[in-house]
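Sequences listed follow chains A and B, in order.
Numbering (this note's numbering) for the first sequence: 9 to 449.
Numbering (this note's numbering) for the second sequence: 9 to 449.
Glycine residues also receive a C-beta, built at the ideal position from the N, C-alpha and C atoms.
The structure displayed is predicted, hence computed values, not measured ones.
Structure, as structure tokens:
2 protein chains.
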Amino acid sequence: MKNEETDNPRRNGEGLENPSRRTLLRGGVAAAGGAALAAGLAARGAGAAISQHADPLITDVQDWNRYPGDGVDARPYGLPSQYEKDVVRRDVPWLTADSKSSVNFTPLHELDGIITPNGLCFERHHGGIAEINPVDHRLMINGLVDNELVFTMEDLKRFPRENRVYFLECAANSGMEWRGSQLNGCQFTHGMVHNVMYTGIRVRDLLNEAGVKPEGKWVLAEGADPSLMTRSIPIEKMMDDCMVAFKMNGEALREEQGYPIRLVVPGWEGNMWIKWLRRFEVGDQPWQQREETSKYTDLLADGQARRFTWEMDVKSVITNPSPQAPITHGKGQTVITGLAWSGRGKIARVDVSLDGGRNWQEARIDGPSLDKSVHRFYFDFDWDGSELLIQSRAMDEQGFIQPSKDELRAARGTNSIYHNNGIQTWYIKQDGSAENVEVSS
Amino acid sequence: MKNEETDNPRRNGEGLENPSRRTLLRGGVAAAGGAALAAGLAARGAGAAISQHADPLITDVQDWNRYPGDGVDARPYGLPSQYEKDVVRRDVPWLTADSKSSVNFTPLHELDGIITPNGLCFERHHGGIAEINPVDHRLMINGLVDNELVFTMEDLKRFPRENRVYFLECAANSGMEWRGSQLNGCQFTHGMVHNVMYTGIRVRDLLNEAGVKPEGKWVLAEGADPSLMTRSIPIEKMMDDCMVAFKMNGEALREEQGYPIRLVVPGWEGNMWIKWLRRFEVGDQPWQQREETSKYTDLLADGQARRFTWEMDVKSVITNPSPQAPITHGKGQTVITGLAWSGRGKIARVDVSLDGGRNWQEARIDGPSLDKSVHRFYFDFDWDGSELLIQSRAMDEQGFIQPSKDELRAARGTNSIYHNNGIQTWYIKQDGSAENVEVSS
Numbered sequence: 009m010k011n012e013e014t015d016n017p018r019r020n021g022e023g024l025e026n027p028s029r030r031t032l033l034r035g036g037v038a039a040a041g042g043a044a045l046a047a048g049l050a051a052r053g054a055g056a057a058i059s060q061h062a063d064p065l066i067t068d069v070q071d072w073n074r075y076p077g078d079g080v081d082a083r084p085y086g087l088p089s090q091y092e093k094d095v096v097r098r099d100v101p102w103l104t105a106d107s108k109s110s111v112n113f114t115p116l117h118e119l120d121g122i123i124t125p126n127g128l129c130f131e132r133h134h135g136g137i138a139e140i141n142p143v144d145h146r147l148m149i150n151g152l153v154d155n156e157l158v159f160t161m162e163d164l165k166r167f168p169r170e171n172r173v174y175f176l177e178c179a180a181n182s183g184m185e186w187r188g189s190q191l192n193g194c195q196f197t198h199g200m201v202h203n204v205m206y207t208g209i210r211v212r213d214l215l216n217e218a219g220v221k222p223e224g225k226w227v228l229a230e231g232a233d234p235s236l237m238t239r240s241i242p243i244e245k246m247m248d249d250c251m252v253a254f255k256m257n258g259e260a261l262r263e264e265q266g267y268p269i270r271l272v273v274p275g276w277e278g279n280m281w282i283k284w285l286r287r288f289e290v291g292d293q294p295w296q297q298r299e300e301t302s303k304y305t306d307l308l309a310d311g312q313a314r315r316f317t318w319e320m321d322v323k324s325v326i327t328n329p330s331p332q333a334p335i336t337h338g339k340g341q342t343v344i345t346g347l348a349w350s351g352r353g354k355i356a357r358v359d360v361s362l363d364g365g366r367n368w369q370e371a372r373i374d375g376p377s378l379d380k381s382v383h384r385f386y387f388d389f390d391w392d393g394s395e396l397l398i399q400s401r402a403m404d405e406q407g408f409i410q411p412s413k414d415e416l417r418a419a420r421g422t423n424s425i426y427h428n429n430g431i432q433t434w435y436i437k438q439d440g441s442a443e444n445v446e447v448s449s
Numbered sequence: 009m010k011n012e013e014t015d016n017p018r019r020n021g022e023g024l025e026n027p028s029r030r031t032l033l034r035g036g037v038a039a040a041g042g043a044a045l046a047a048g049l050a051a052r053g054a055g056a057a058i059s060q061h062a063d064p065l066i067t068d069v070q071d072w073n074r075y076p077g078d079g080v081d082a083r084p085y086g087l088p089s090q091y092e093k094d095v096v097r098r099d100v101p102w103l104t105a106d107s108k109s110s111v112n113f114t115p116l117h118e119l120d121g122i123i124t125p126n127g128l129c130f131e132r133h134h135g136g137i138a139e140i141n142p143v144d145h146r147l148m149i150n151g152l153v154d155n156e157l158v159f160t161m162e163d164l165k166r167f168p169r170e171n172r173v174y175f176l177e178c179a180a181n182s183g184m185e186w187r188g189s190q191l192n193g194c195q196f197t198h199g200m201v202h203n204v205m206y207t208g209i210r211v212r213d214l215l216n217e218a219g220v221k222p223e224g225k226w227v228l229a230e231g232a233d234p235s236l237m238t239r240s241i242p243i244e245k246m247m248d249d250c251m252v253a254f255k256m257n258g259e260a261l262r263e264e265q266g267y268p269i270r271l272v273v274p275g276w277e278g279n280m281w282i283k284w285l286r287r288f289e290v291g292d293q294p295w296q297q298r299e300e301t302s303k304y305t306d307l308l309a310d311g312q313a314r315r316f317t318w319e320m321d322v323k324s325v326i327t328n329p330s331p332q333a334p335i336t337h338g339k340g341q342t343v344i345t346g347l348a349w350s351g352r353g354k355i356a357r358v359d360v361s362l363d364g365g366r367n368w369q370e371a372r373i374d375g376p377s378l379d380k381s382v383h384r385f386y387f388d389f390d391w392d393g394s395e396l397l398i399q400s401r402a403m404d405e406q407g408f409i410q411p412s413k414d415e416l417r418a419a420r421g422t423n424s425i426y427h428n429n430g431i432q433t434w435y436i437k438q439d440g441s442a443e444n445v446e447v448s449s
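Here it is as structure tokens:
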């Protein structure tokens, strides 16, 4: 049903022809050297027009040009604009007893594309950030090897390098949601994930250099931070695609991310990506460390625990609109966007529902589609201003499909903290605001 | 010819078995929970071993663990480690009269992979950095269109978005090299290039919204900075792949790069990528602005000038080793790496020469190969410690091959400042240091 008020671009133009408006725009003309009418966007296909704005162009144009700005010597290392000061990592103080063994969250609702800027990659520490002088740092290989070795940073940079974009997700991401919607914003429900390009060397080359003995089946990776973070990793994974990374998004690793080197374990839970990496020990069985027994295992309803559930399941979330990023432009042409990822490879398809999962439509994936990397999806639609229950559901190239939260709970109960990849729901109200809600499926 | 001193890993291990060394390493064992020998890397295939280091592991291990570090609330927006403080953009004060109309350079020799971090993307301004409040910013479309329009930032974000990784190179990059080697370091000879992922909308959608009249053949893009930067761009390019970008590498554009919006003109010279974009005017011919007549044209030996040479030619440079990044590890296994790019598409092949262009060997391209994006190449070789003249030569998917500087000068003389894509030579001395030199071809 057409809306005469908004569907007709000519009407939109005519609608502006009131004297005061015309005067303002004449001013704009003089300043900008061209005639100007307010925005009138006819939606693609049938749809409502974008709302119009009364601020005259002239004030904007003049302000920006009154004075020359900073020169090229003012900002040796650049920072975001003052108008982006709220785009930051945020922690939840009541979540943990000490900020040195805690987590903060990536502001997913403020980002787009697939690259997470280094300054906004979420942090998870177990003893605070280790500050290491790379000149003094070493990586040791010992245990069931022919030659036990110690490498300096300079040594490591002499091996052949590779560049890969991978997501890193904490196994506890969305963990609060097992027991129902808790945190109001995708930064907090899904912000323990980031996606960067790593430059580093293959673990395989280092282990082959040391010479793994036939009985060597597991590798203990150890960090140099105060928590002495350690995880047991099967030799097959280490020999397959694991990396020792020294750069992220082109520059040196950030201290929060393990400077000068971290282990990269593509597609597997973030806790295994040992930061401030200092040692590989080769052994014949797992070490049963705290982080792979009492932590990072999944306690089921019957008291049994799933162990070694390293591979991150297919998952997605709508980042906009969301509780921290409401719709502010009113009805009409609207962009829904979000992220999808899988530890099992590329994302094959993302569907979006506007009615809490009753009906699904395929979203558009745009940007590089890379193995074990987040994918960016968009769903462009014409919002009629009514309430919505928006959800996204991802499918990976192996055919795994993201389950509903109810399906997850039916299979695993609600004791779990880790590995929640359930479908997330945002309730969009008529005023465009959004809330974290549950819908039964 | 084998070197008994260095080629034999067992000898390397045995070489460490002197009393003092053994004591240190026993200490290391206790602290790190495993036996440790110093590094002995046998090069892949036949080659020299990596030099060894006497610093014991134990001191490193203990230091990093004496105290817990910063918590997750300490760094809302993260910055590089203090040990990376020299990794910055640098300007050359004598190059221009005023830093507000000047350039600084990306530290290419400190980076790897293909993404340039936002804080290190080179800057080129003609009136300093405009500081714009996005709430008050507007984009106007006027001239030969059916409906002249003004868009707010919120309006623009309602159009369908896309994500693309593109290089941006200033036409004057390597400009000093026309008259012989001048600046000693790839940051200064080639650092007017960066490569980021842009998120934005298609210019095509905006122009179609306004409705371009049949006689509309050119678009004037205008910036809101004090220099009122303006360039004329053919309508075909604008309708093809140009974007209005509002994000780079996931976050909002940096002010130095045009916050809140810049024009993206894939593969074409950087000066056309109008920053602080405020207006598109559609016309029937180019505007003959300063930046497309007296500037950004190529004056030939006969006094004639090449005009509208927008497409950036195929080019490459070795970033390591280079004058700012000498070889410090001595002979043996060595990594040569660099960047290659072309305004005409993907890079098909990069060759490396160690002898000033007499002999060439194919380099390994690693990482995503994307249209009109930089490509990262590596050449892993066994340096015998003798002098080298290292060069790289790129070929793009259209078959264009990077020329020698002599070939360029024969065709265009030496009046030019812009569009130098000649092959660069670094002279590597026996001590590993490097110099910017010329070799006749």
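Between the stretch 223-233 of chain A and the stretch 243-262 of chain A, the count of Cβ pairs shorter than 8 Å is three or higher; the stretches touch. Short of 6 Å from the beta carbon of A/Ile425, and not among the five residues preceding or following it, lie these beta carbons of its own chain, in chain order: Ala180 and Gly183.
Residue burial annotation: A/Asp292 is exposed, with fewer than 16 other C-beta atoms found within 10 angstroms of its C-beta. For chain A, none of the residues of the stretch 295-313 of chain B brings a beta carbon within less than 9 Å of one of its beta carbons. A/Gly440 carries a coil assignment under DSSP once its states are collapsed to helix, strand and coil.
For A/Trp186, the secondary structure class from DSSP, reduced to helix, strand or coil, is helix.
For the stretch 140-167 of chain B, the residues whose beta carbon sits under 7 Å from a beta carbon of chain A are, in order, Ile140, Asn141, Pro142, Asp144, His145, Arg146, Met148, Asn150, Gly151, Asn155, Glu156, Leu157, Val158, Phe159, Thr160, Glu162, Asp163, Lys165 and Arg166. Listed along chain A, no residue sits closer than 8 Å to B/Asn181 by beta-carbon distance, the nearest being about 15 Å off.
The C-alpha of B/Ala105 is placed about 52 Å away from the C-alpha of A/Lys339. Across the stretch 116-140 of chain B, CB contacts with chain A closer than 8 Å involve Glu118, Leu119, Asp120, Gly121, Ile122, Ile123, Thr124, Pro125, Asn126, Gly127, Leu128, Cys129, Glu131, Arg132, His133, Gly135, Gly136, Ile137, Ala138, Glu139 and Ile140, in sequence order along the chain. For B/Gln399, the enclosing beta strand (DSSP E) covers residues Leu396 to Asp404.
The stretch 310-329 of chain A makes contact with the stretch 344-359 of chain A, as at least three CB pairs between them are under 8 Å.
Per DSSP, the unbroken beta strand (DSSP E) holding B/Arg169 starts and ends at Arg169 to Glu177. Here A/Lys437 is exposed. Its C-beta has fewer than 16 other C-beta atoms within 10 Å. Taken atom to atom, the span from the alpha-carbon of A/Gln341 to that of A/Leu362 is near 15 Å. Three or more Cβ pairs drawn from the stretch 194-206 of chain B and the stretch 96-113 of chain B lie within less than 8 Å of each other, which places the two stretches in contact.
Boundaries of the alpha helix (DSSP H) harbouring B/Ala419: Lys413 to Arg420, taken from the DSSP string. Between the C-alpha atoms of B/Pro274 and B/Met205 there is a straight-line separation of about 12 Å. Annotated three-state conformation of A/Gln341 is strand, per DSSP. In this structure, B/Ala253 keeps its C-beta atom at 8 Å or more from the C-beta atom of B/Leu157.
With respect to the C-alpha of A/Trp368, the residue from A/Met403, A/Thr327 and A/Phe167 having the closest C-alpha is A/Met403. Scanning chain A for C-beta atoms nearer than 9 Å to the C-beta of B/Leu271 yields nothing, as the closest lies near 16 Å away.
Residues of chain A with a Cβ closer than 9 Å to the Cβ of B/Glu185 do not exist, since the nearest Cβ in that chain sits about 20 Å away.
With a 10 Å radius around the Cβ and a threshold of 16 neighbouring Cβ atoms, B/Thr327 comes out buried. B/Leu215: not part of any beta strand (DSSP E); member of the alpha helix (DSSP H) spanning Val211 to Ala218, first to last residue.
Taken in chain order, the complete beta strand (DSSP E) segments of 3 residues or longer contained in the stretch 228-286 of chain B are 238-242, 251-256 and 270-272. Within the DSSP bridge table, the entry for A/His202 names A/Leu176 as partners. The C-beta of B/His427 comes no closer than 8 Å to any C-beta of chain A. Measuring C-alpha to C-alpha distances from B/His202 to each of B/Leu191, B/Thr160 and B/Asn257 identifies B/Asn257 as the nearest. For the pair A/Asp392 and A/Asp439, the Cα-to-Cα distance works out to about 12 Å. Between B/Thr238 and chain A, the shortest Cβ-Cβ separation is not below 8 Å. Listed in chain order, the non-local C-beta contacts of A/Arg286 below 8 Å within the same chain comprise His145, Arg146, Leu147, Met148, Glu230, Gly231 and Ala232, local neighbours out to five positions each way being set aside. The beta carbons of A/Asp388 and B/Asp99 sit about 42 Å from each other, so the pair does not count as a contact at 8 Å. Under the three-state reduction of DSSP, B/Phe196 is assigned to helix. Within chain A, the residues whose beta carbon sits less than 7 Å from that of B/Glu170 are Asp374, listed in sequence order. With a threshold of 8 Å between beta carbons, B/Ala260 makes contact with chain A.
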